[in-house]
Amino acid sequence: MAEKSRKFALRVRPTRYNYIGMFFSLVGFILVLLCLVGCRSASGQSLYFAKITDRPAGNLTILYGLQGYCVLDKTTNCVSDDGVMIVPFDVMVSNMLNATYPRLVEDAIEQDQNLNPLATPTPLHNPKLFPAIVMCLICGGAAFLIGVARTAFYRYVQDEHYSRGFLAWGSAVLSLLLVAECSVMYQNGVKELNVVYPHLEATEGPGRPITGVAFAAFAIAGYTYMHGCFAKDDVEIEDGYNPL
0 MAEKSRKFAL
10 RVRPTRYNYI
20 GMFFSLVGFI
30 LVLLCLVGCR
40 SASGQSLYFA
50 KITDRPAGNL
60 TILYGLQGYC
70 VLDKTTNCVS
80 DDGVMIVPFD
90 VMVSNMLNAT
100 YPRLVEDAIE
110 QDQNLNPLAT
120 PTPLHNPKLF
130 PAIVMCLICG
140 GAAFLIGVAR
150 TAFYRYVQDE
160 HYSRGFLAWG
170 SAVLSLLLVA
180 ECSVMYQNGV
190 KELNVVYPHL
200 EATEGPGRPI
210 TGVAFAAFAI
220 AGYTYMHGCF
230 AKDDVEIEDG
240 YNPL
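If you read the sequence shown in numbering that gives the first Met the number 0, its first letter stands for residue 0, the second for the next number, and so on.
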């Protein structure tokens, strides 16, 4: 009788935690996707990670995203280029500006490596963020879709092993990696550009905070999706505490 009752309980409608998890997993997915496509076209120029302007203030503005950049100089020209995802960011920017706007990198101030550790020469390399972002999107999208299936087809889709919760937490870990890497890449790069080059001003954009919000969204989604795992025994399930 108890086994029959449990089977019946497993087929009830999903609880409110499933809907909360669906919402936050979708939010995280959209935010990470926006970060990925930022500055690849004029419509995404506001989703940048770093901004370069000439000093004193003029008409030139260069916006850098993860896989592209936009040049605003009377007209707006956006280029999709994964070559901008390079560490150290300040060295990549200085090399690019030296070929396009050399006046911005003139009169560079020599740095003492003992006083400024960020000035220590580091080989240019790709931090391989793109595969991590793709995996984050796959996990987050799968968590959302399983939540939708659990809602729409709850009689057939039970997700007894809480795969959508583990997928959401996997996305949270990957988005946290993105936050950490972007902090090192852009925060240090912007600081070094302002110290070394007196004819430009570098500032951070909304990209890094957006990745932080995406991490929080995925973490909340994972917690709410996994809420049913916190049942201590079968008695709680039979008394109405049902898996999501």
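Idealized CB from N, CA, C, for every residue including glycine.
Excluding residues up to 5 positions away in sequence, Leu-103 and Val-104 lie with their Cβ nearer than 6 Å to the Cβ of Leu-96 in the same chain. Assignment of Val-156 by DSSP, reduced to helix, strand and coil, places it in the coil class. For secondary structure counted as the alpha helix (DSSP H) over 4 or more consecutive residues, the region 5-74 holds these complete runs in sequence order: 15-36.
Taking C-beta atoms under 8 Å as the contact rule, Val-31 and Cys-181 fail to qualify, at a distance of about 12 Å. Excluding residues up to 5 positions away in sequence, Ala-49, Ala-201 and Glu-203 lie with their Cβ nearer than 6 Å to the Cβ of Val-189 in the same chain. When the alpha-carbon of Glu-109 is set against those of Ile-61, Leu-46 and Tyr-196, the nearest one is in Tyr-196. The region 149-158 makes no contact with the region 24-41, as fewer than three CB pairs between them are under 8 Å. Closest option to Gln-112, judged by alpha-carbon separation, among Ala-218, Val-212, Gly-20 and Val-194: Val-194. The alpha-carbon separation between Thr-60 and Ala-167 amounts to approximately 37 Å. Going by beta carbons, Tyr-224 and Ala-142 fall inside the 8 Å limit. Taken through DSSP and simplified to helix, strand or coil, Leu-114 comes out as coil.
Ranked by how close their Cα comes to the Cα of Gly-43, the residues Leu-65, Ser-170 and Asp-72 have Leu-65 in first place. In this structure the region 18-27 touches the region 212-222; the number of beta carbon pairs closer than 8 Å is three or more.
Taken atom to atom, the span from the alpha-carbon of Asp-80 to that of Tyr-68 is near 7 Å. In the three-state DSSP reduction, Leu-123 falls in the coil class, being neither helix nor strand.
With fewer than 16 other Cβ atoms from the protein chains shown falling within 10 Å of its own Cβ, Ser-162 counts as exposed. In the DSSP assignment, the residues bridged to Cys-77 are Cys-69. Here Glu-200 carries a strand assignment [DSSP, helix/strand/coil]. In this structure, the beta-carbon distance from Phe-214 to Gly-139 does not fall below 8 Å. Of the candidates Ala-131, His-198, Ile-137 and Ile-145, the residue whose Cα lies closest to the Cα of Ala-179 is Ala-131.
Boundaries of the alpha helix (DSSP H) harbouring Leu-173: 162-181, taken from the DSSP string. With a 10 Å radius around the Cβ and a threshold of 16 neighbouring Cβ atoms, Gly-20 comes out buried. Rounded to the nearest whole angstrom, the C-alpha separation of Pro-101 and Val-147 is 53 Å.
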